[in-house]
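Here's the structure, in structure tokens; my notes come after.
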Amino acid sequence: MSTTATATGWETVVGLEVHCELATVTKLFCGCANTFGAEPNTNICPVCLGLPGSLPVLNERAVEFALRVGEALHCDVPERSIFARKNYFYPDMPKDYQISQYDTPICVDGWLEVDGTRVGIERAHMEEDTGKTLHVGGGGRIHEADHSLVDYNRAGLPLMEIVSRPDIRDAEQARAYVSELRGLLEAIGVSDVKMEEGSLRVDANVSLRPAGAEEFGTKVEVKNMNSLRSLGHALDYEVTRQRELLEAGERIAQETRHWDEDGGVTSSLRSKEEAFDYRYFPEPDLVPVAPDAEMRARVQSSMPELPAARRARLVADWGIAEQDARVLLSTPGLGEYAEAAVAAGAAPKDVVNWCTGDLLGYLNESGLAVGALPLAPDGLAELIELVADGTLSRPLAKDVLAECLLEPKRPREVVDERGIAQVSDEGELGDLLDGILAAHPEDVAEYRAGDEKARKKKNGFFMGEAMKATKGSGNPQLLARLLKERLGG
Amino acid sequence: MTVAASATELAAAVRAGERSAREVVDEHLAVIDARDPELHAFLHVMADEARAQADEVDAAVRDGRDPGPLAGVPVALKDVLCTRGIPTTCGSRILEGWRPPYTATVVDRVRAAGGIAIGKTNLDEFAMGSSTENSAYGPTRNPRDPSRVPGGSSGGSAAAVGAGMAPLALGTDTGGSVRQPAAFCGVVGVKPTYGRVSRYGLVAFASSLDQVGPFANTVADAAVLLEVIGGHDVMDSTSVRQPAPALLSQLDDGVDGLRVGIVEELTDADGIDNEVAAAIDDAGRALEKAGATVDRVSVPATTYGLSAYYLIAPAEASSNLARYDGVRYGLRIDGRDTATMNAETRDAGFGPEVKRRIILGTYALSAGYYDAYYGTAQRVRTLIIRDFERAYGSFDVLLSPTAPSTAFALDAKTANPLEMYLSDVCTIPSSLAGHAAMNVPFGAGADGLPIGVQVLAPSLGEPVMFRVAQAIEAAAQ
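Here the protein sequences come in this chain order: A and B.
Residue numbers for the first sequence follow the working numbering, beginning at 5 and rising by one.
Residue numbers for the second sequence follow the working numbering, beginning at 6 and rising by one.
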């Protein structure tokens with residue numbers, strides 16, 4: 005858990021760099037497919053392999069996606085931004101330079117609201133991804149490896165690097181920021197945002213300063229956090245490490261550290277002195293990116309409702325809790341599903357309950373995407389209607405839903421097939437209760453003689469018998485009333 | 006043995022069915038056999054491929070299809086142009102044996118026009134040099150005098166055309182690498198406007214300066230080849246979004262009324278041989294006679310061209326040549342780890358001039374030096390463009406020498422890189438400006454070797470540049 009500045013005398017300062025793979029059809033500078041998990045070195049061509057003589061050609065769609073990110077993060081998009089070469093030797097980088105953006109990124113100076121606080125966005129820029137190196141032998145570690153293999157399928161995939169200002173104050177807020185950003189990128193349709201597949205990667209710049217100080221402390225960059233969980237753990241570890249050093253009167257070394265998930269520690273990757281001099285200079289093979297008015301207008305007019313606005317709308321229109329809206333919208337497609345069910349006539353609160361309860365549970369358990377659910381949104385609306393009109397009790401409705409999720413059936417179909425409609429006939433249920441009470445005179449006597457607690461217990465017993473006799477289809481509200489009348493409640 | 010006919014005449018004869026492309030190719034292969042052992046213009050002769058392609062051209066003619074404006078004309082290719090399945094070395098050990106899996110746009114366009122790729126020509130390693138002595142595969146000699154260099158870096162292409170081994174050739178010009186060897190070998194050589202010709206498949210030296218350009222024996226032949234290779238290419242973002250310029254149709258429009266400026270700083274300066282400067286004045290007088298007005302003009306910033314160029318070009322080269330690291334293709338010298346393999350491969354694979362420029366360029370881009378070196382050089386580049394544009398406000402084209410002297414002897418400048426660099430002092434300014442420029446042979450020096458006049462034109466000014474070149478060529482005969 006993170007510790008507050010006042011409690012420790014130190015304030016944590018975190019800035020995050022989020023790399024997000026854009027979900028374009030093709031790579032950033034060539035026509036190769038942008039797919040995950042293909043056979044190694046099958047999605048490659050002279051351009052993304054950086055063969056001598058090849059030249060990059062910018063994917064227009066990636067520019068549109070970048071403009072969407074800019075819109076969503078309230079950024080300025082300058083008239084022209086330029087690509088630059090970031091030069092360093094690395095075997096998984098085909099040209100031994102990365103085409104990125106340096107002093108003129110496509111998006112600058114925006115913000116993202118996280119739990120009521122604005123986190124500043126310094127910049128968001130486009131760049132190409134690198135390949136992947138696999139170290140063979142020696143347990144996969146570079147220094148003990150026998151040899152290494154490189155897969156260039158990922159080389160040249162479009163990335164956006166979104167750099168926050170150092171506005172984040174603890175691990176919890178860092179996680180909330182990434183979570184909010186992830187939802188945003190997903191909502192605007194620019195990325196799959198899967199941290200596990202590497203389509204969203206987070207690096208953190210972490211420093212501490214005495215509470216109340218203006219000046220920043222020496223920052224440490226932490227890399228290799230592959231989930232929100234590991235981001236939280238790594239930041240907590242790093243903050244504690246730095247605080248202990250500072251409290252022991254030592255200095256923080258400016259360096260890049262690697263988060264070791266298994267060991268739960270960060271370790272030094274390279275010091276400031278070992279840092280690369282990237283020798284950035286303008287990429288001469290590309291012309292400046294200058295989105296014209298038509299493209300800007302197209303992007304603006306096609307922006308979907310952003311998650312924060314949508315949450316606010318659902319809270320206001322449906323009268324649901326902020327937290328429920330958050331849960332609903334954190335699963336891709338579930339918000340749309342719920343809105344469609346409401347549009348089909350169901351009460352919003354019921355829809356949200358079902359969606360964030362049984363449906364979400366089923367989605368998590370089955371691993372299915374919302375789009376693959378066998379029950380369409382109007383099917384859920386039908387189920388809710390069957391509960392509302394008394395045909396189904398809630399427990400029965402759960403059974404019906406479970407069946408509708410196993411095979412494509414409408415709730416009404418299941419009810420008809422199984423004859424499980426709720427019994428709400430007053431006469432029928434009254435006769436049934438009379439029979440039960442007559443068969444258990446001692447229980448009736450104990451009820452009448454008992455205190456509140458004993459009465460409750462006996463009441464439960466009679467209800468249970470009634471449900472047993474109706475195989476669960478007795479209308480529970482009606483049964484409860486009739487029982488009360490008979491016991492002289 | 007020489008082949009006298011021009012490329013235009015050869016293509017016309019082949020299209021008309023009067024000569025077979027196969028016969029034309031065989032004749033040129035025979036000249037290569039006869040002269041190349043001495044000159045070493047070619048690194049790889051594509052005899053089989055050329056004959057097969059000639060047969061296709063002949064079949065097209067027989068079937069009544071037009072093979073195109075270069076029908077059956079052999080074209081030699083500087084070995085920085087990628088040719089699928091054919092060795093492409095860039096004159097370097099580091100790419101020895103590499104066969105690209107794709108073909109440069111310009112080569113595709115030559116072939117689509119019926120031209121026959123006849124072989125890959127020698128060059129200074131990665132186009133870095135002015136004499137073709139920096140080739141890892143040995144120097145090329147000047148066909149006019151084999152004791153002299155052919156110039157560089159496209160010395161092989163210039164020598165191939167000069168010796169009649171190919172009527173046409175493609176070279177690349179970064180700071181003068183087409184124009185200067187054209188001047189030394191007495192042929193026409195063109196550096197088109199930056200972006201006129203696709204760079205896709207041209208192995209980069211300095212990306213913001215590199216342009217592919219034609220070599221030919223006549224201005225008209227060079228015009229045909231530029232019309233074929235020019236025009237927008239979707240594979241090169243820096244290629245101009247315009248079709249190839251129409252040159253031939255305007256070639257004989259004359260120079261009457263054109264304003265011609267002789268650039269003082271590039272003609273009257275120290276280091277320019279008197280006989281070369283005199284030839285420029287002679288060319289000016291010939292143009293005057295043909296109806297042009299000729300004056301001296303000052304383009305002051307051109308004097309800083311060489312210094313700016315030797316920061317910008319090496320800076321870009323240091324990045325462009327990083328990829329030769331032993332990982333994916335070409336030479337690999339194994340080492341105990343990746344960094345050692347990278348270093349040992351590059352040490353063994355690159356020659357001294359390439360290493361010198363990589364070190365220079367790396368330094369110029371380093372943290373703390375970037376603004377003082379690369380930044381300043383870019384500002385100088387802007388000044389040069391501004392000064393040229395001012396001159397083009399008063400003049401249609403400019404003239405200057407192409408090179409300060411006629412071809413020098415082999416080994417004369419190898420010991421002194423700076424002296425070698427000065428050989429491009431007249432060609433570099435227009436390269437930095439991205440403007441068009443070309444060499445036209447005009448007269449000879451006391452040593453009997455050709456002198457070249459450089460015709461410079463503003464951006465996309467090829468049509469007027471070719472008209473002036475045509476008039477100079479006419480006057481030279």
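Idealized CB from N, CA, C, for every residue including glycine.
{"Asked": "CB-CB length for A128 of chain A against C79 of chain A, believed under 8 angstroms", "Found": "6 angstroms"}
{"Asked": "CB contact below 8 angstroms: P288 of chain A versus chain B", "Found": "yes"}
{"Asked": "Simplified DSSP assignment, three categories, for V8 of chain B", "Found": "For V8 of chain B, the predicted structure reports a pLDDT of 44, less than 50, and the residue's modelled location is therefore unreliable. The matter cannot be settled from this model."}
{"Asked": "CB contact below 8 angstroms: E130 of chain B versus chain A", "Found": "no"}
{"Asked": "V217 of chain B: contacting residues in chain A (beta-carbon distance under 9 angstroms)", "Found": "Correct list: empty, because the minimum Cβ distance to chain A is about 11 angstroms."}
{"Asked": "Cross-chain neighbours of Y309 of chain B in chain A, by beta carbon under 8 angstroms", "Found": "Ordered by position in chain A, no residue passes the 8 angstroms Cβ test against Y309 of chain B, which lies about 20 angstroms from the chain."}
{"Asked": "Whole beta strand (DSSP E) elements within the segment 244 to 326 of chain A, 3-residue minimum", "Found": "259 to 264, 269 to 275"}
{"Asked": "D4 of chain B vs L173 of chain B beta-carbon contact at 8 angstroms", "Found": "Residue 4 of chain B is absent from the structure shown; chain B starts at 6 and stops at 482."}
{"Asked": "Alpha-carbon to alpha-carbon, E430 of chain A and E343 of chain A", "Found": "37 angstroms"}
{"Asked": "Within chain A, the residues that T555 of chain B reaches when beta carbons sit closer than 7 angstroms", "Found": "No statement about residue 555 of chain B is possible, as the shown extent of chain B runs from 6 to 482 and does not include it."}
{"Asked": "Contacts of F107 of chain B in chain A (Cβ-Cβ under 7 angstroms)", "Found": "The question names Phe, but residue 107 of chain B in the sequence shown is Tyr. Near Y107 of chain B (Cβ distances below 7 angstroms), the residues of chain A are P50."}
{"Asked": "Length-filtered (3 minimum) beta strand (DSSP E) runs lying within the segment 137 to 220 of chain A", "Found": "151 to 155, 162 to 168, 204 to 214"}
{"Asked": "Test: L207 of chain B CB closer than 8 angstroms to a CB of chain A", "Found": "yes"}
{"Asked": "Contact check, Y314 of chain B vs G206 of chain B, beta carbons under 8 angstroms", "Found": "no"}
{"Asked": "Interface residues of chain B facing L62 of chain A [CB-CB closer than 8 angstroms]", "Found": "S242"}
{"Asked": "Pair within 8 angstroms by beta-carbon distance, S182 of chain B and G176 of chain B", "Found": "yes"}
{"Asked": "Residues that A327 of chain B contacts on chain A, provided the C-beta gap is smaller than 8 angstroms", "Found": "N91, F93, K99, D100, Y101"}
{"Asked": "C-alpha distance - P79 of chain B paired with V229 of chain B, whole-angstrom precision", "Found": "13 angstroms"}
{"Asked": "Chain-ordered chain B contacts of D264 of chain A [CB-CB under 7 angstroms]", "Found": "Per Cβ cutoff of 7 angstroms: no residues; D264 of chain A is ~22 angstroms from chain B at best."}
{"Asked": "Classification of G478 of chain A by the beta-carbon crowding that lies within 10 angstroms, buried from 16 upward", "Found": "buried"}
{"Asked": "Chain B contacts from the segment 411 to 438 of chain A (Cβ-Cβ distance under 7 angstroms)", "Found": "none"}
{"Asked": "Cβ of G35 of chain A within 8 angstroms of any chain B Cβ", "Found": "no"}
{"Asked": "Which listed residue (B:G310, B:V224, B:L271, B:S212) has its alpha carbon closest to that of S244 of chain B", "Found": "B:S212"}
{"Asked": "Buried/exposed call for V29 of chain A, threshold 16 Cβ in 10 Å", "Found": "exposed"}
{"Asked": "Cutoff 8 angstroms: L437 of chain B Cβ touching any chain A Cβ", "Found": "no"}
{"Asked": "Nearest residue (CA-CA) to Y329 of chain B, options B:D339, B:T343, B:I317, B:R351", "Found": "B:R351"}
{"Asked": "Selected residue, minimal CA-CA separation from E131 of chain A, among A:G120, A:E176, A:S85, A:G141", "Found": "A:S85"}
{"Asked": "Classification of E386 of chain A by the beta-carbon crowding that lies within 10 angstroms, buried from 16 upward", "Found": "buried"}
{"Asked": "Identified DSSP bridge partners for Q102 of chain A", "Found": "A:K90"}
{"Asked": "CA-to-CA distance, L86 of chain B to P105 of chain B, given in whole angstroms", "Found": "10 angstroms"}
{"Asked": "Beta carbon of G96 of chain B nearer than 8 angstroms to that of L15 of chain B", "Found": "no"}
{"Asked": "Residues from the segment 310 to 322 of chain B in contact with chain A, defined by Cβ distance under 7 angstroms", "Found": "A320, E321"}
{"Asked": "Extent of the continuous beta strand (DSSP E) run through P455 of chain B", "Found": "455 to 462"}
{"Asked": "Simplified DSSP state of M5 of chain A, which is helix, strand or coil", "Found": "Note that M5 of chain A scores 40 on pLDDT, short of 50, meaning its location in the model is unreliable; the coordinates nonetheless yield the value given after this. Coil."}
{"Asked": "Residue interval of the beta strand (DSSP E) (run including N368 of chain A)", "Found": "It is not in any beta strand (DSSP E) - N368 of chain A instead sits in the alpha helix (DSSP H) that spans 364 to 370."}
{"Asked": "Contact with chain B by D281 of chain A, beta-carbon distance below 8 angstroms", "Found": "yes"}
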